[in-house]
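Participant: For reference, the structure I am asking about is given below.
Residue numbers (the working numbering): 4 to 198.
Here it is, written out as structure tokens:
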């Protein structure tokens, strides 16, 4: 059986460089503190022998940072827009089904990740919708090559992000996972379930 991979996209937690929209509401230092602790808790919660967790790190110079758990392998996010960086992570991984999430999804558990991998058993791709029209998870079986135009011309940070991304699949089959939300603003933070 091919090894399953879970990529978590993270940024080095420096005030003013991470969670800037959240920082506009609660202050840059508090937003940075929230992100650092949120990622730490998320990584601890999602560790599971069924998949290997990888960190996709920005900026590339932070790939060796001791901020994140040292036992997790890392790949640099590289340059480009969000879509180019996500596609680059899928290309950089060893063989096997792969899912990718952000580090700012407070409600995600191993159950949602396992379900997304299960859906890849019968689909080429999986997306986890968010209530704002975006998505919190994307994954690919990676038996077929990734579509050449994958994540091209996507209106990121808009209510069109999921629909635009699905339109780039070039006929590959897809499933939808559970709907969860990330934290972008102070309003998102206040509606986040406590763990």
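No residue lacks a Cβ here, since even glycine has one placed at the ideal position from N, Cα and C.
Please read these numbers as outputs of a predicted model, since none were measured by experiment.
1) Does residue 6 pass the burial test, meaning 16 or more other C-beta atoms within 10 Å, or should it be called exposed?
2) Since residue 7 is in the alpha helix (DSSP H), which residue starts that stretch and which ends it?
3) Once you ignore the five residues that flank residue 158 on each side, which residues in its own chain have a CB closer than 7 Å to its CB?
4) Is the Cβ-Cβ distance between residue 130 and residue 61 less than 8 Å?
5) Of the residues 41, 21 and 42, which one's Cα is nearest the Cα of residue 32?
6) Where does residue 80 land, buried or exposed, given buried means 16+ other C-beta within 10 angstroms?
7) Quick one: complete beta strand (DSSP E) runs, 3+ long, within the region 116 to 191?
8) Among 41, 27 and 28, whose alpha-carbon lies nearest the alpha-carbon of residue 13?
9) Among all the DSSP beta bridges, which residues are the ones paired with residue 104?
10) For the candidate residues 38, 154 and 107, whose alpha-carbon lies nearest to that of residue 169?
11) Give the DSSP bridge partners of residue 55, in chain order.
12) For residue 42, which three-state DSSP category applies?
Facilitator: Once the coordinates are examined:
1) By 1-based counting over the chain shown, the position of residue 6 is 3. So residue 6 counts as exposed.
2) Taking the first residue of the chain shown as 1, we reach residue 7 at position 4. No alpha helix (DSSP H) contains residue 7, which is instead part of the beta strand (DSSP E) from 7 to 14.
3) Against the chain shown, residue 158 aligns to sequence position 155. Closer than 7 Å at the Cβ level, and outside the excluded window around residue 158, lie 164 and 167.
4) As a working mapping, residue 130 is identified with position 127 in the chain shown. As a working mapping, residue 61 is identified with position 58 in the chain shown. No, they are not a contact pair.
5) For the purposes of this step, residue 32 is taken as the residue at position 29 of the chain shown. Comparing Cα-Cα distances from residue 32 to each of 41, 21 and 42, the minimum goes to 21.
6) As a working note, residue 80 is residue 77 in the chain shown. Per the 10 Å Cβ criterion, buried.
7) 128 to 132, 138 to 143 and 177 to 179
8) By 1-based counting over the chain shown, the position of residue 13 is 10. Per the Cα distances, 41.
9) If you number the chain shown from 1, residue 104 lands on position 101. By DSSP's assignment, residue 104 forms a beta bridge with 11 and 140.
10) For the purposes of this step, residue 169 is taken as residue 166 along the chain shown, with counting starting at 1. Cα-wise, what sits closest to residue 169 is 154.
11) What you label residue 55 is simply residue 52 of the chain shown in a count that begins at 1. Partner(s): 8.
12) In the chain shown, the residue the question calls residue 42 occupies position 39. Reduced to three states, the DSSP call for residue 42 is helix.
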